[in-house]
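Those protein sequence lines, which keep their order, are chains B and S.
Per the numbering used here, the very first residue in the first sequence carries number 28; after that it's consecutive.
Per the numbering used here, the very first residue in the second sequence carries number -3; after that it's consecutive.
Quick reminder that beta carbons are idealized off the backbone N, C-alpha and C, glycines included.
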Amino acid sequence: MMLTGVILLVIFAGCSSSSPQAQKNPVNATPAPSQNVPCMEKACFIAAANDCRDLNVTIQEDIGTFRYSSSPYCIFTKTLVSLNGTESREVRNLLEGKNMTCIYTKGKFDHRLVTTLIGGIEYCRGELKDNLARLVIFS
Amino acid sequence: MIRGVLGISIIMVFFLVPVAAQTSPSPWSWNNYMGTSYWDVQVTENEASCGGGITTDTVSITISHNLDSAVMGNVGHGAAPGSFISNNILHMPSRTVSDPPGSSTLSAYDIFFTTDCGAFAGKYTWTYHGPDGYSCSGSTALSGTTSEGCPGVPVIPAVASGTKESFVAEIASARTDLNEDLMLRYYQTQLEDMIFTIDRPELTINDPLYQRNVVWAKDELAAATDDIKQLEPAVEAKYNAILDKDPDNFWANWDMAELKKVQGNYQDYFSHTNKALGNKDIAKKTQKLVKQTVAGGLGLSEFPTTDNSYFIRRMSTDAAAIQSVYGIDVGKGEADTEPLRMFAFWNQPFDAVNVVGLPGY
């Protein structure tokens, strides 16, 4: 039983795990976008996440490509799919393909999770968060 | 007291080798000793991937013991500081050393002492980085022996209160207990995550395995929470005893900050962090140490900087614009130690505490 539980704990410690620490920063709600317009922009995604709607978007930015996901359970996942080519292979290995998961309260999604690299990550879990937290010493 | 330590050791973070299981009780514990031990060490260097071969030499070294911490003399990569993670296991953190004309990054490793004080063994890997971009890896195995036996007086010699030695001993003792608490807190968080994920009617309603695992996780969580409730007042009392004598002490404030963070007391977390960073010289030296340790732990051959990395440049811009963390207005720190302050904001508490080392390093 203990071993089974430990194995399960290891599995859930990965990217799929969600933080029970609800976000405490109040964030002004953004009006919901039209349901009929495909959501491919940050503002649209932020609004959908704020409503805890099920949505996945991949956005190419100046620094690289990110995938953002929100769910009806108010779980946000951010994946750094790829960095743009000028970064060193070592930094790319640390960050590409890594993700983090953050749980929040409906109506209080922290837009900084989408609009910045490190804003709001204190409430997140995952390898992307851990490596960002380590790399900040070099900033 | 620590439940599920095996689970923690699988998950545990990267700076330090996961905590090894406790050895069975022995009549001698190196982590209770203050003094010097003397060793002959067989050093086996494997440089095959670097165009060399496998060589073995014997060197005579001393180890300077200070209860939970020790410094091992030079076996080829300079003197090495470490911390005892159990009675007779000395953990050496990863570090980068000058290795002219380049540098070498050494992995973290453990030194295992026998309980009769007659021998120890350990092994680490290293990667050499040359100035022209060349790199290669190898390993160093250590096998130490001594005919000195266990030191005659195992008890901690009395030291005058208020001396540097007594202060280091107090910090080391408090940190040992804090590390135990932080492991429990980490385990607690992992269990809460697991329960949040699987304790859903749509998953458990027809699946006995999910139901059993929810029950197991909740039982473990209750036990870990009880252990924390018993342990934390004693941990706080140790740090408060140090802070009563030295309210601005860097290490006591730094450690207490992480304790407050896991308790969710963010105002006190920032208060203690700011007090620690008020020791500007120590903070600057610590920041330099943390950079080296992080670079070594991440396998970086050079520091990424705002000059050579667009990602770091963007991160620096974002960090400068951060106004609140944990819902608290963080203001602006001192420019030359701001990276250390932000490192403390977001890193796992166990890493943040142990990466700064003990006084004197």
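> Counting along the chain, where does the beta strand (DSSP E) carrying M30/S start and finish?
Replying inline: 30 to 42
> Going along chain S, which residues have a C-beta under 7 Å from T143/B?
Replying inline: D314
>> Does the region 278 to 289 of chain S come into contact with the region 71 to 82 of chain S, if we say contact requires no fewer than three beta-carbon pairs (one atom in each stretch) closer than 8 Å?
In response: no
>> By the three-class DSSP mapping on this structure, what secondary structure does M67/B have?
In response: coil
>> So that I know if they touch, is there some Cβ in chain S lying closer than 8 Å to that of L140/B?
In response: no
> Where does the unbroken alpha helix (DSSP H) through N209/S begin, and where does it stop?
Replying inline: 204 to 241
>> L102/S and E218/B - do their beta-carbons sit closer together than 8 Å?
In response: What the structure shows of chain B is the stretch from 28 to 166, and residue 218/B is not part of that stretch, so it cannot be assessed.
>> Need the endpoints of the alpha helix (DSSP H) that I201/S sits in, please.
In response: Run containing I201/S: none; DSSP gives neither H nor E here.
>> Comparing C-alpha positions only, which one of Q87/B, I102/B, A70/B, M67/B sits nearest to D81/B?
In response: I102/B
> Since L121/B and L63/S are thought to touch, with beta carbons under 8 Å apart, how far apart are those beta carbons, to the nearest angstrom?
Replying inline: Not a contact, Cβ separation roughly 36 Å.
> Quick one: what does DSSP say T143/B is sitting in, helix, strand or coil?
Replying inline: coil
>> Tell me the rounded alpha-carbon separation between T52/S and Y130/S.
In response: 25 Å
>> Could you tell me the alpha carbon to alpha carbon distance between N28/S and C79/B, rounded to whole angstroms?
In response: 54 Å
> Listing by chain order, which chain B residues have their CB less than 9 Å from the CB of T302/S?
Replying inline: F165, S166
> Curious, which full-length alpha helix (DSSP H) runs of at least 4 residues does the region 285 to 334 of chain S contain?
Replying inline: 306 to 317
>> For V163/B and S305/S, what's the separation of their Cα atoms in angstroms?
In response: 12 Å
>> Taking the alpha carbon of L354/S as the reference point, which residue from N42/S, S56/S, A66/S, T54/S has its own alpha carbon closest?
In response: A66/S
> Below 8 Å between beta carbons: does that hold for A213/S and M179/S?
Replying inline: no
> If we call anything under 8 Å between Cβ atoms a contact, is L110/B one with R310/S?
Replying inline: no
>> Suppose you measure from the CA of A76/B to the CA of F136/B; what does that come to, to the nearest Å?
In response: 7 Å
> Within this structure, are the beta carbons of I324/S and Q259/S separated by less than 8 Å?
Replying inline: no
>> Quick check on the DSSP output: what are the complete alpha helix (DSSP H) runs of length 4 or more inside the region 111 to 158 of chain B, in order along the chain?
In response: 116 to 122, 139 to 142
> Can you name, in chain order, every residue of its own chain whose Cβ lies under 6 Å from the Cβ of G147/B, other than the five neighbours on each side?
Replying inline: D137, R139, L140
>> Only counting the same chain, and skipping five residues up and downstream in sequence, which positions put a Cβ closer than 7 Å to that of S60/S?
In response: T32, A66, V67
> From V71/S, H268/S, T142/S, E144/S, pick the residue whose C-alpha is nearest to that of K119/S; which is it?
Replying inline: V71/S
> Beta-carbon separation of E188/S and L217/S under 8 Å?
Replying inline: yes
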